[in-house]
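Enquirer:
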Amino acid sequence: MTILVTGGAGYIGGVTAERLKAKGERIVVLDDLSRGHRALVDKDVPFYHGCVGDRALVARILKEHKIEECVHFAALTYVGESVAEPARYFENNVQQGVAFIGALVEAGIRRVVFSSTCATYGEPEKIPIAETTPQWPKSPYGWSKLMMERVLASYDCAYGLKFMALRYFNAAGATEARGESHDPETHLVPNVLAAALGETTEVPVFGKNYPTPDGTAIRDYVHVVDLAEAHIRALDYLRQGGKSDFINLGTGQGYSVLEVIESARKVTGRPIPTRFEGPRAGDPAKLVADAAKARQVLGWKPLQSDMPAILKSQWEWRRKYPRGYSC
Ligand SMILES: NC(=O)c1ccc[n+]([C@@H]2O[C@H](COP(=O)([O-])OP(=O)(O)OC[C@H]3O[C@@H](n4cnc5c(N)ncnc54)[C@H](O)[C@@H]3O)[C@@H](O)[C@H]2O)c1
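Here you go:
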C-alpha cells in the first residue's frame, strides 16, 4: 500500500511523513515548495516537485507508484494573507484541490485524509467547539477549507470516496529532526522563540481587547506529533471500512497569547519582550475544541500537547538548527 502525501515538504506533512515512514508505510511526496522545504523530505522518499492541480502529473504519480490512499496537506495556510489575497487562496486551495481530488477519483482511489481547520467555524457561539457547531468562516482561508469539505462529502455520495476531514486547531512543537519554520512566519510559537533567541527584538501581540480574561486571543495548541498520530489512526480507520467523517483535533484546553509567552519565558529562561498591535483581520477571539469525537472514533488523545512540552520541543529543535531548513 503506498500513500501519497501532498504538502509533505511542509511542517505538519513533513512530520506525518516521518511518522508514517517510522511505521513502515511506503510514501510518496508531492509539493510545489511554495512554502515547503526540500530538506524536510528524506532522500529515500520519492519526491515530486509540482502542484496538486497538475492533473497529468498527479495521474502519472498515482500510476507509477500504485497509490491507494492519500493524505492531502497541500494548501496555503495564512488567515491574514487570505483576507488580502483571496483569489490566491481560492485558486490554490479550492481550484487545485478540486482538480486533485478529481484525479484521485478518476484513478480509482477511494481513501483520503484531508487537512481541515478550526478556521471553518469562524467565531463560534459556544466554546468548546463540537463538530456539530455551525460553520461560518471569518476568512477566505477558512472558506477554502470548508468548500473542500463539501467537495469531499459530495464525492462520497456520488463516487463512494471515503474521507476523514481532520479539523486541526493550532499545530505547534517539533520532533528531533523537524520543526516549524516558515518565511514569513505568522505562527505564535516559532515567533516567540525567535524573540527568545534574540533574532527579533519583540513578539508582536495582535489585539489586546478581545473578550478573554487577559484581552489576548485564546487558541488550543496541539503537538505536531500528536497530529501525525491522528492521521495514522485516520488511515487505519478508513482501511477498516470506516465511514467518512469530520473530526476536531484539539486538546480542549486553551492558552491566551500572553500565557504562551509567559510559559516560553519559563521554558527558555530568557526575557521575551512584547509589543501590542491591532487585531488581525479574520482572527476570532477564542477557539478551543471539544475533543471527545476524536477519542470515540479514532481512539486518539493528545499525549504530548501540554504547553511546556510543545515549547521545549520546538526550542530544542531551533537551537539544534539555528537557520531552520536553510542549513
Ligand atoms: N499549522 C496549523 O496550525 C494548521 C491548522 C489547521 C489546519 N492546517 C492545515 O494543515 C495543512 C498543513 O499546514 P502546515 O502548517 O504544515 O503548512 P505548510 O505551509 O508548512 O505546508 C503546506 C505545504 O503545502 C505545499 N503546497 C501549497 N500549495 C500547494 C500546491 N498547490 N501544490 C503542491 N504543494 C502545495 C507548500 O509548499 C507546503 O510545503 C494545511 O492544509 C493547513 O491548512 C494547519
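Quick note on this note's numbering: the sequence shown kicks off at 1229 and runs consecutively.
Even glycine gets a Cβ: it sits at the ideal position worked out from N, Cα and C.
How far does the beta strand (DSSP E) with residue 1343 in it reach, from first residue to last?
Expert: 1339-1345
Enquirer: Against chain D, with Cβ distances strictly below 8 Å, would residue 1530 count as a contact?
Expert: Absence of chain D from the displayed structure is noted, only one protein chain being present.
Enquirer: Tell me which residues share the same chain as residue 1367 and place their Cβ nearer than 6 Å to its Cβ, disregarding the 5 neighbours each side in the sequence.
Expert: 1307, 1310, 1311, 1510
Enquirer: Go ahead and pull the three-state DSSP assignment for residue 1234.
Expert: Looking at residue 1234 - three-state DSSP - the assignment turns out to be strand.
Enquirer: Can residue 1475 and residue 1392 be called in contact, C-beta distance under 8 Å?
Expert: yes
Enquirer: From residue 1378 to residue 1463, what does the alpha carbon distance come to, in whole angstroms?
Expert: 20 Å
Enquirer: Please classify residue 1376: is it buried, with 16 or more other beta-carbons within 10 angstroms of its beta-carbon, or exposed?
Expert: Sixteen is the threshold: when 16 or more other Cβ atoms of the shown chains lie within 10 Å of the Cβ of residue 1376, as they do, the residue is buried.
Enquirer: Taking only three categories from DSSP, how would you classify residue 1464?
Expert: helix
Enquirer: Classify residue 1555 as helix, strand or coil using the three-state DSSP reduction.
Expert: Per-residue confidence for residue 1555 stands at a pLDDT of 48, beneath the threshold of 50, marking its modelled position as unreliable; the derived number appears in the next sentence. Residue 1555 falls in the coil class under three-state DSSP.
Enquirer: Would you give the residue range spanned by the alpha helix (DSSP H) that residue 1496 belongs to?
Expert: 1485-1496
Enquirer: Just verifying my parser: in three-state terms, what is the DSSP assignment at residue 1240?
Expert: helix
Enquirer: Residue 1320: buried (16+ other C-beta within 10 angstroms of its C-beta) or exposed?
Expert: Answer is buried; the Cβ neighbour count reaches 16.
Enquirer: Take residue 1414 and list the residues in its own chain whose beta-carbon comes closer than 7 Å to its own, dropping the five residues that flank it on each side.
Expert: Within the same chain, residue 1414 has close Cβ partners 1306, 1308.
Enquirer: Nearer than 7 Å: is that true of the beta carbon of residue 1481 relative to any heavy atom of ligand 1?
Expert: no
Enquirer: Can you find the residues in the same chain that come closer than 6 Å, C-beta to C-beta, to residue 1241, ignoring five residues on each side of it along the sequence?
Expert: 1233, 1235, 1301
Enquirer: Helix, strand or coil for residue 1499 per DSSP?
Expert: coil
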